[in-house]
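Here the structure comes first, spelled out in structure tokens, and everything after it is commentary.
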Amino acid sequence: MSRKEAEPAGQDGSSSSATDGGGGSGSGRELADALARRRLYREVTLALHSGLRDAKADFSFLRARGLRSLLGFLRSTASAADDALLLLFRHSQSIPDLQVIPVLFQNSLHQPKQDPVVTLDHIFGTEPMKITSPPTDSEIALALRVLEVKLVEGYNFDDHTTSDVRVCFKLIDEQPEWFSCHSSVLSQNSKYFSDRLGQNDIRSNSCVEIECPRAQYDHYVKMLKLMYLPGESIVDSFDSVKSALGVLRASNSLGCELVTKGCIAYIEAVPWDDNEEEEILEVARSLGSDAVSLLARLHAPSADAVKNVFISAIRFATCMETLFPPFLDDLKTSAQEQTDFMIHEDDETALVMMDEDVRSVVQEGITKLLSGLRTGLDLLATEFDQSPDQAEKGILCSLADIDWDSKYSSGLWAVKAKLIEVTGKALDAVGYGTVVLPAPSRFHLLKTWLPYIQTTKRSLDGNSKGEMSLQMDSDMWQNVESAIVSMVLALPSDDQADILSEWMKNAEQFRYPDLTEAFECQLMFGSVRKVA
12 MSRKEAEPAG QDGSSSSATD GGGGSGSGRE LADALARRRL YREVTLALHS GLRDAKADFS
72 FLRARGLRSL LGFLRSTASA ADDALLLLFR HSQSIPDLQV IPVLFQNSLH QPKQDPVVTL
132 DHIFGTEPMK ITSPPTDSEI ALALRVLEVK LVEGYNFDDH TTSDVRVCFK LIDEQPEWFS
192 CHSSVLSQNS KYFSDRLGQN DIRSNSCVEI ECPRAQYDHY VKMLKLMYLP GESIVDSFDS
252 VKSALGVLRA SNSLGCELVT KGCIAYIEAV PWDDNEEEEI LEVARSLGSD AVSLLARLHA
312 PSADAVKNVF ISAIRFATCM ETLFPPFLDD LKTSAQEQTD FMIHEDDETA LVMMDEDVRS
372 VVQEGITKLL SGLRTGLDLL ATEFDQSPDQ AEKGILCSLA DIDWDSKYSS GLWAVKAKLI
432 EVTGKALDAV GYGTVVLPAP SRFHLLKTWL PYIQTTKRSL DGNSKGEMSL QMDSDMWQNV
492 ESAIVSMVLA LPSDDQADIL SEWMKNAEQF RYPDLTEAFE CQLMFGSVRK VA
């Protein structure tokens, strides 16, 4: 072979060697990654096997040692920078021999059995009697600390790739539907599942069957899904009282405390109709102390609250204030009828009538009525001859005594009008359950913004007569008024009495909002509950 022929051959050989070397480098990286995965797998399985072996021992000190080993491994897994270790652990929990939660409930967190009876058969027999020491307090504390390690973040409902248990809600004569779940999530959120997952038959096949009424099936499934949500997100997942009541029944029967609290928080914060109220009363019987906040709206008001409402109703019915808004005549008539009923028909009102404050207000009201009638008759002739319209308007003139034009610029009133609009949207969202707030927060919201809305509305009406830019849509005012009425009716009875009492005291100053509907409902419900 000539030299010229050898050079291409050498070049080809060098190129081929380089290519083989590049391929070898890629294969080497794959081999290194595979070896790293196998090493990581061996570390996980070895840590779980050794920890679980001791955690299933007959003696408490050995079980405690195994729990310490598991606790250290789980904490290091949870804090690992690489997600590969955490993902591998989650997959390992689908293997029965490596599952942590069942071992905890089988050994350290199980109900201790009675002392075994020792007989001669155990002494002379070929097989010795197996004695298992009961779990100690330190062992139980370690087991609970293992459960508290947050390794369940990222689990999704019905994810068969990471699940280690299946749940089925059995229906008669229908094909069962199985849902892939995670024992750690179920055990932490439900006492029922915590007990069931510790039973032998569940550990053997990783399946939990629950009998469920057909009408409640969807609610049980939704309850199972809600167990995967954080507590603050459960309330926002409901769109009706009916749905929340169904989930509440399911969660209460399965001991899901977090879901139960979310259902109660939603139901307590939104308006009810009569049928829903009956269902709530029925469900509340099985809730125990958890139903206190739920039923606060239905309790009869206290004696002090009844007295305050009664005094306000008397003042309102007897026109104790000099000026009276004419558009509230219907409410005045309703207050007079209700006052007459409470005085003559309601036996319990006799206790309120004995109060010195009530007697004083009644005497003052009667005196004010007679005095006002005499004064009006004395002035009617002269004022009517001069100006009939002015005579009528003179009764209402004190409602517009404050002149805001000299104190605030039109620009500031535009800001106030915008603030009223934003406040109205907030009240609308809370009043109709779009935003869920507890009763104390809703009460504070009304107490804070109701006086501001009343004062600003009256001032805006006076200042916007000559400036169209300050006039606000009447529909907006109507929506705000409806939202306030809805919020008042959704408050506990004592808070309703407080709001309505304060409103009636200031009714002669402010024509807005008209809480006649809320007042009549409060009086009607109070009478019905007393009769019941």
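Anchor point for the sequence shown: position 420 equals 431 in the numbering used here, and the numbering is continuous, going up by one each time. Every residue gets a Cβ at the ideal spot worked out from N, C-alpha and C, and that includes glycine.
Note to self: What does DSSP give as the partner residue(s) for Phe180 in the beta ladder?
What the structure shows: Ile221
| Simplified DSSP assignment, three categories, for Phe249 | coil
Going by CA-CA distance only, name the one from Ser371, Pro107, Ser497 and Lys233 that's closest to Gly435.
Ser497
* Can you give me the Cβ contacts of Ala316 inside the same chain, cut-off strictly under 6 Å, excluding the 5 residues immediately before and after it? => Asp505 and Ala508
Restricting to Cα atoms, I'd like to know which of Leu182, Gly242 and Val176 is closest to Ser198.
Val176
Next item on the list: Leaving aside the five residues before and after Ser264 along the sequence, list all residues of the same chain whose C-beta is less than 8 Å from its C-beta, in chain order.
Entry: Tyr203
Residues bridged to Phe190 by DSSP?
Val178
Rounded to the nearest angstrom, what separates Val252 and Asn200 at their Cα positions? 23 Å
**Asked** What first and last residue would you give for the alpha helix (DSSP H) that runs through Arg308?
**Response** Taken as a continuous stretch (DSSP letters only), Arg308 belongs to no alpha helix (DSSP H), as it is neither H nor E.
Test item: CB-CB of Leu96 and Thr88 under 7 Å: yes
- Item | Neighbour-count burial assignment, Trp70, 16 or more Cβ in a 10 Å radius | With the sequence shown as reference, residue 70 is identified as Phe, and Trp is not the correct amino acid for it. The residue in question, Phe70, is exposed, as its Cβ has fewer than 16 Cβ neighbours within 10 Å.
request  = State the start and end residues of the unbroken alpha helix (DSSP H) segment that holds Ala293.
outcome  = The residue you asked about is not Ala; residue 293 is Glu in the sequence shown. Counting along the chain, the alpha helix (DSSP H) containing Glu293 begins and ends at Asp285 to Ala295.
* So which of Tyr277, Val433, Glu289 and Glu268 has the shortest CA-CA distance to Gly299? -> Glu268
By DSSP, does Cys267 sit in helix, in strand, or in coil?
coil
Which stretch, first to last residue, makes up the alpha helix (DSSP H) that contains Leu155?
Asp148 to Glu159
Where does the unbroken alpha helix (DSSP H) through Gln1 begin, and where does it stop? Nothing about residue 1 can be reported from this structure: the residues present for the chain run from 12 to 543 only.
| field | Close Cβ partners of Thr271 (< 7 Å) along its chain, the five nearest in sequence each way excluded | value | Leu259, Ser262, Asn263 and Asp301
- Message: Measuring only the C-alpha atoms, how far is Leu120 from Ser80?
- Response: 17 Å
Buried or exposed: which applies to Val433, given that a residue is buried once 16 or more other Cβ atoms fall within 10 Å of its Cβ? exposed
If we count the other Cβ atoms within 10 Å of its Cβ and call it buried at 16 or more, is Pro146 buried or exposed? buried
Practice task
Apply the 10 Å Cβ neighbour rule to Gly21 and answer buried if 16 or more other Cβ atoms are within range, or exposed otherwise.
Solution key: Residue placement at Gly21 cannot be trusted, given a pLDDT of 43 that sits under 50; what the coordinates show is reported in the next sentence. By the neighbour-count rule (16 or more Cβ atoms within 10 Å), Gly21 is not buried but exposed.
Worksheet item: Residue range of the alpha helix (DSSP H) that His230 falls in?
Response: Tyr228 to Leu237
**Report entry** Collapsed DSSP secondary structure at Val320 in the structure displayed
**Finding:** helix
>> I need the boundaries of the alpha helix (DSSP H) containing Ser201, first residue and last residue.
In response: Run containing Ser201: none; DSSP gives neither H nor E here.
Give the DSSP-derived three-state secondary structure of Gln465 in the structure shown. helix
**Prompt:** How long is the line joining the alpha carbons of Ser60 and Phe100, rounded to whole angstroms?
**Reply:** In the sequence as displayed, the identity of residue 60 is His instead of Ser. Spanning the two alpha carbons is a distance of roughly 12 Å.
Using C-beta distances below 7 Å, list every residue in its chain close to Gly62, excluding the 5 sequence neighbours before and after it, in chain order.
Gly77, Ser80, Leu81 and Phe84
Note to self: Quick check on Cys223: buried or exposed, where buried means 16 or more other Cβ atoms within 10 Å of its Cβ?
What the structure shows: buried
*asked:* Taking 8 Å as the limit between beta carbons, can you name the residues of its chain near Ser313, skipping five residues before and five after?
replied: Asp505
* Asked: With a Cβ-Cβ cutoff of 7 Å, do Pro187 and Ala501 count as a contact?
  -> no
Exercise. By Cβ distance, which residues of its chain are closer than 7 Å to Asp170, with the 5 residues on each side in sequence left out?
Worked result: Ser191
query: Taking buried to mean at least 16 other C-beta atoms within 10 Å of its own C-beta, is Asp525 buried or exposed?
result: buried
For Ala501, which three-state DSSP category applies? coil
Reduced DSSP secondary structure (H/G/I, E/B, other) of Leu410: A caution first: Leu410 carries a pLDDT of 31, below 50, which makes its placement in the model unreliable, though a value can still be read off. Three-state result, Leu410: helix.
Please classify Asp250 as buried or exposed, where buried requires at least 16 neighbouring CB atoms within 10 angstroms.
exposed
- Message: Quick check on this structure: which residue in Glu279, Ile495, Trp488 and Ile464 has the alpha carbon closest to the alpha carbon of Leu440?
- Response: Reading off the sequence shown, one finds Ala at residue 440, where the question assumed Leu. Closest by alpha carbon: Ile495.
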